[in-house]
Structure formats: C-alpha cells, structure tokens
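Novice: Shown below is the structure under consideration.
Protein chains: 2
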Amino acid sequence: MPNPFVQKLGRYASLSDEDTRLLESACRDTRRTAARRDLIREGDPPGPVFVMLEGWACRYKLMREGGRQVLALLMPGDFCDMHVAVLDEMDHSIGTLTPALYTEIPRERMETLIASSPALTRAFWIAQLVDEGVLRAWIVSMGRRDSTERLAHLMCELYIRARNVGLCIDGHCEMPLTQIVIADALGLTPVHVNRVLRKLKVAGAMELGRGTLHIRDVESLARIAGFDDNYLHRRLKLAA
Amino acid sequence: MPNPFVQKLGRYASLSDEDTRLLESACRDTRRTAARRDLIREGDPPGPVFVMLEGWACRYKLMREGGRQVLALLMPGDFCDMHVAVLDEMDHSIGTLTPALYTEIPRERMETLIASSPALTRAFWIAQLVDEGVLRAWIVSMGRRDSTERLAHLMCELYIRARNVGLCIDGHCEMPLTQIVIADALGLTPVHVNRVLRKLKVAGAMELGRGTLHIRDVESLARIAGFDDNYLHRRLKLAA
DNA sequence: CTGGCGCATTGACCTGGGTTATCGAAAAAT
DNA sequence: ATTTTTCGATAACCCAGGTCAATGCGCCAG
C-alpha cells in the first residue's frame, strides 16, 4: 500500500522519484503503539518529528479542572512540528487515539530532507500552512457556528483529508473517533454530540458509527456546515 | 523609538548588529493606512509579508450570514505569513483596527533575510511557532473556558505581548480594541463582553476603557483566566 | 462464559450567554 | 458647528447546550 506521507506531500508539489525515495527511506524505521498512549507530553522538551503512518492521534491540552481540549486530529500522512525543536518545551501533548504505526524523524534528518529538494521544501511549507489554516478554521467553528454546523464542518474536513490520503471509498471512510473525542475537539459535551449525530442522521446527511463515517448526502452536509474548502487549499471535489 | 519588529525578534534569538541593521533596512519603506482598511482580502493571491510598526490589525474571516470571527490580533512588531506566497489564495483577510504604519517586505527580500543569518532564521521560526501556539490557545479558550475566563485570558495574553514590545508602563497599556472587536475575537456578543468587563472591573481585576487596559490585580486576573504563559515561550514575569 | 468498563443513548432540568431594544456619549464626517 | 455614525451601557426575555442521572450494549480480560 502507498505511503500516506508521500501521498500527502505529493498533493502539494510534484515530487521526483528521488524525492519519493527520500521520504520513504525516512519512514523506514517505524514504531507501533497502543491506543491512548502519549507520544509526547506538555512540558517535555520537543523531540523528533512524528509522522503518522497508520492509525489516528491528536494534539490536546488538559485543563486544570480535568477537561481536555483536542487541538488537532492527526491521521495517516500527518506529521507534527517541523521546527518545534527550537522551542524549550512542548505547550501541548500528542497522544494516539487508536493503535498506531508511526516514524520518528530526527531533527537533522528532517533538515536534510527539506534542504535536499525545492519540491520537498515547498511541500513541507504548504503542509505547514494548511495545518495553520485548519487551526484557524477550528477557531471560526468554535466562535461562530452552532453545534450542528460545527460537527458537520468537522466531518467535511476530516472526510476530505482522509480522502486525500486514500482512506475513503465512495462516501464512507474509516473514522475511529468516539463521541467523547469529538466532543473534546468541538468544545461540546459527549451528550450533546450524541444529540447532534442523531439529528444529522435523521436529516439524512451523514451517519457515524462503529468507527466508520458514512456520508449520505454530501451537498446537504456541506450546506449545513457552511463548508468552504478553500482553507485546505485544494479544489473541493466531494462528489468525485 | 525602537523598532518593535527588531524588539520582538530580538527576544527569540540574540541578533548581531548586522542582523538588526538588516531588519531595520527591510522596514525602511513604510506605509500609512486609516483604521478599518483591509491590507489583503480572503480570495486574494498572497502578496508580500506585512510587518506592523504602529497601530493594530487583525486577521479575520467573514461569515455568510454577516458575522465575523477575528483569528488573530496583530500589534506592532507582529508580521504575517512568512511563507504564504506558496499558496494560491488567502483563506482569510487582514485589516487594520486603528490607523497604522506598516512595511511590506517582498517575498524574495524575506527569503534573503532569513537566509542571511542563523539567528534570524531561528528568530523567524520561533515567532512562527509562537503564533501557532497562540492559535491553539485560542482554541482552548473557545472550547473550554467560559466568557469571563476567556476575556481574562485574552487580556493576559495581549498584556504580555504588548509588554514584550515595550507598549506597557506598569500595569497599563494602550489597547485600542472596541468591545465589538473583542466579541468578534472571543466568539461572544458585544452585549455579553460588556457584562463581563463590568464584572472584571467590579472584581478589581482589570479595567478596559478609552483604548487603554489597566491591570488592577495581575494575580487575580491570571487566576481567573487560568493563565499559563508557556505557550508564549517566555518566562511569565507579569509583576515585573 | 462472565464480570467489568468504557462508550452510546436518552430524558429531565437548568443556566450562560444570545437576542432585541433603547439611550446617551464619543468620535468621525461634512 | 452640526449631523451622522459608532460605541458603550443596561434591561427583559429566551434558548442552545450543559448537567445530572439512569440504562443498555459491546468488548476484552480472566
């Protein structure tokens, strides 16, 4: 099966065979973890760059009173923090949501990679900018969308991102998120996420269950969400 | 008066005289604008890097139904989007909040700057990572803090950032934000921002009026906010 | 095969913050 | 100087989403 890291970066710049080879060889040394394991914790000194190859993870921050806010969902192909190494300590944690396969690319290796080809440099920059765009889109969602729009918007985003790395087959894809994780990501309670999911199911827009997302009516879902994919910087071809 | 751009980057790496000179000369060519002018709009092709020298601006996104969400507040010393030029179009707008003085640094110039010294490279990376940290902190605020904590948290952040570039004098600083802008930033309504401001004033924590922020009791404000400055990647010395 | 635990589901009730409206005071425009 | 616009301050009312509580299901460990 194709390397999702290569697949993702390949969307942002046309990679030569040599670029591809470099990326693949940087992923040679893989590790497996169980679900709910932290790869790195808030306060830790930043380590290598993590690249997700299988399974999902998330960035998150724990609150004093015990709640948590998920800051980003990481799926295969996603990587974290090209440059964090220059910071003194992590300001958030990263943990797996499912059993996962990932690579750690040491900082020097990463720099060599970036320096080795203009296409790779460009691809990494774009990936970074898209990640920032996603952060901003989350802020927009939390600030100005109600719970239904918010959930629909997140599902549109995740669906497109998953499709970009080949994780979807016409209208449904693997999405191993519990309602609790979704609630932690959207700033809602699990109870309310459940209510909204029911509503979206009844509306015939989408269904989420048993780790799988089924998009029932893309148009309708995108309309509910007020979804515009410009922040992902690719043309929206949901119907494809 | 000192160049806030130099001042800001100087916090992140020790700049040689040569570095300082380079930065200052990149700011030679300045422009003035009135308040409420867009520097660039969503959908526009990305242009040069903007560096704020005087006055405030914000990144924002307009909603279909007319609302807007402020995504970041830019004060003197802040700059935007080192690498946006690689993207096809802007996914949000940037507009001034006050009359402003700023510089536009063309992309090539920016690249020369970054390439010209390891200290500058490092400083730009850190600035970028801190900006991302701020985005994440906003997500945490919107997801998990109530309106009072949220407003207090934003004021702590802005106070520290303003102090970093020399805009504060013991406990008060210029902060030309209307309650409407604050509401747009926090995902609240202006009416409610007003209520919360009154509450914080009565509590003796802070006062915001006539474009000026007065911190009345730092400890109390930070406690209300649940503020931890680790995401700004500098030691918190609010009392200094 | 069974007990336990995390997750999903649902109901009843409550509250933080939204909505709408009004008024006076600044500030900006002419 | 005066008109116009924007901003801040408050009050009355309402609802989206939180809170609390109870139940059931599926899965894994023993």
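Going down the list, the sequences are from chains A and B. Using our numbering, the letters of the first sequence correspond one by one to residues 19 to 258. Using our numbering, the letters of the second sequence correspond one by one to residues 19 to 258. C-beta: ideal position from N, C-alpha, C; glycine also.
Considering just the uninterrupted stretch of the alpha helix (DSSP H) at THR51(A), what are its terminal residues?
Specialist: Note, THR51(A): premise wrong, no alpha helix (DSSP H); beta strand (DSSP E) at 48 to 51.
Novice: Going by beta-carbon coordinates alone, are MET173(A) and LEU239(A) separated by less than 9 Å?
Specialist: yes
Novice: Can you give me the C-alpha to C-alpha distance between GLY227(A) and ASP56(A), rounded to a whole angstrom?
Specialist: 25 Å
Novice: My guess is that PRO117(A) and THR51(A) are in contact by the Cβ rule of under 8 Å, so how many angstroms apart are they, rounded?
Specialist: 7 Å
Novice: Can you check which of these residues, LEU131(A), ASP109(A) and ASP235(A), is closest to LEU40(A) by C-alpha distance?
Specialist: LEU40(A) has its Cα closest to that of LEU131(A), out of LEU131(A), ASP109(A) and ASP235(A).
Novice: Confirm, please, whether the CB-CB distance from HIS251(B) to ILE144(B) is below 9 Å.
Specialist: Yes, they are a contact pair.
Novice: If the cut-off is 9 Å on Cβ atoms, which residues from the stretch 131 to 146 of chain A count as contacting chain B, listed in chain order?
Specialist: ARG140, TRP143, ILE144 and GLN146
Novice: Would you call the CB atoms of PRO64(B) and MET128(B) closer than 9 Å?
Specialist: no
Novice: Report yes if the C-beta distance between ASP35(B) and MET70(B) is below 9 Å; otherwise report no.
Specialist: no
Novice: Tell me the DSSP secondary structure of CYS45(B) in three-state form.
Specialist: coil
Novice: Using only the heavy atoms of the ligand NAD, determine whether one of them is closer than 8 Å to the beta carbon of ARG50(A).
Specialist: Absence of the ligand NAD is noted for the structure shown, with no ligands found whatsoever.
Novice: Drop a sphere of 10 angstroms on the beta-carbon of SER32(A), count the other beta-carbons inside from all chains shown, and report buried for 16 or more, exposed for fewer.
Specialist: It counts as exposed.
Novice: DSSP has GLN87(B) in a bridge; who is on the other side?
Specialist: LYS79(B)
Novice: Kindly indicate the opening and closing residues of the alpha helix (DSSP H) around ALA201(A).
Specialist: Residue range 197 to 204 is occupied by the alpha helix (DSSP H) that includes ALA201(A).
Novice: Helix, strand or coil for ASP99(B) per DSSP?
Specialist: coil
Novice: Could you tell me which chain B residues have their CB closer than 9 Å to the CB of GLU107(A), listed as they occur along the chain?
Specialist: ASN248 and HIS251
Novice: Can you list, in chain order, the stretches of the alpha helix (DSSP H) that have 4 or more residues and sit fully within the stretch 171 to 250 of chain A?
Specialist: Scanning the stretch 171 to 250 of chain A from its first residue to its last, the whole alpha helix (DSSP H) runs of 4-plus residues come out as 197 to 204, 208 to 220 and 236 to 243.
Novice: Please list, in chain order, all residues of the same chain as ARG46(A) whose beta carbon is under 7 Å from its beta carbon, the five residues on each side excluded.
Specialist: none
Novice: Closest Cβ-Cβ distance between LYS26(B) and chain A: below 9 Å?
Specialist: Not closer than 9 Å to any Cβ of chain A, the Cβ of LYS26(B) fails to qualify, so no.
Novice: Count the C-beta pairs between the stretch 173 to 183 of chain A and the stretch 159 to 179 of chain B that are closer than 8 Å, then say yes if the count reaches three, no if not.
Specialist: no
Novice: Report yes if the C-beta distance between ARG86(A) and ARG162(B) is below 9 Å; otherwise report no.
Specialist: yes
Novice: Please tell me whether ASP164(B) has its Cβ less than 9 Å away from any Cβ of chain A.
Specialist: no
Novice: So with Cβ pairs under 9 Å, would you call ASP99(A) a contact of chain B?
Specialist: yes
Novice: Do we get a CB-CB distance below 9 Å when we pair LEU254(B) with the residues of chain A?
Specialist: A caution first: LEU254(B) carries a pLDDT of 33, below 50, which makes its placement in the model unreliable, though a value can still be read off. Answer no: the Cβ-Cβ gap between LEU254(B) and chain A never drops below 9 Å.
Novice: Which one or two residues does DSSP pair with LEU92(B) in a beta bridge?
Specialist: ALA75(B)
Novice: Report the CB separation of GLY151(A) from TYR249(A) in whole angstroms; it is logged as a contact under 8 Å.
Specialist: GLY151(A) to TYR249(A), Cβ: 4 Å. Contact.
Novice: Just to confirm, are GLY222(B) and ARG234(B) a CB contact at a threshold of 9 Å?
Specialist: Yes; because the gap between Cβ atoms is below 9 Å, this pair is in contact.
Novice: By DSSP, does ASP164(A) sit in helix, in strand, or in coil?
Specialist: coil
Novice: Closer than 7 Å by beta-carbon distance: list the chain B residues that pair up with GLN87(A), in chain order.
Specialist: ILE157, VAL158, GLY161 and ARG162
Novice: Is ILE187(A) buried or exposed, if buried means 16 or more other CB atoms sit within 10 Å of its CB?
Specialist: exposed
Novice: Count the other CB atoms, across all protein chains shown, that sit within 10 Å of the CB of ALA242(B); report buried if there are 16 or more and exposed otherwise.
Specialist: According to the sequence shown, residue 242(B) is Ile rather than Ala. The residue is buried, with at least 16 neighbouring Cβ atoms inside 10 Å.
Novice: Is the distance from the Cβ of THR114(B) to the Cβ of GLY73(B) below 9 Å?
Specialist: Cβ atoms of THR114(B) and GLY73(B): closer than 9 Å.
Novice: HIS110(B) CB to nearest chain A CB: under 9 Å?
Specialist: yes
Novice: If you drop the 5 nearest sequence neighbours on each side, which residues of the same chain put their C-beta closer than 7 Å to that of HIS190(A)?
Specialist: Cβ neighbours of HIS190(A) beyond the five flanking positions: THR230, LEU231, HIS232 and ILE233.
Novice: With 9 Å set as the bound, which would you pick, yes or no: does the beta-carbon of GLY244(B) sit closer than that to a beta-carbon of chain A?
Specialist: With respect to chain A, the C-beta atom of GLY244(B) has a partner C-beta closer than 9 Å.
Novice: Does ASP56(B) come out as helix, strand or coil in the three-state DSSP assignment?
Specialist: strand
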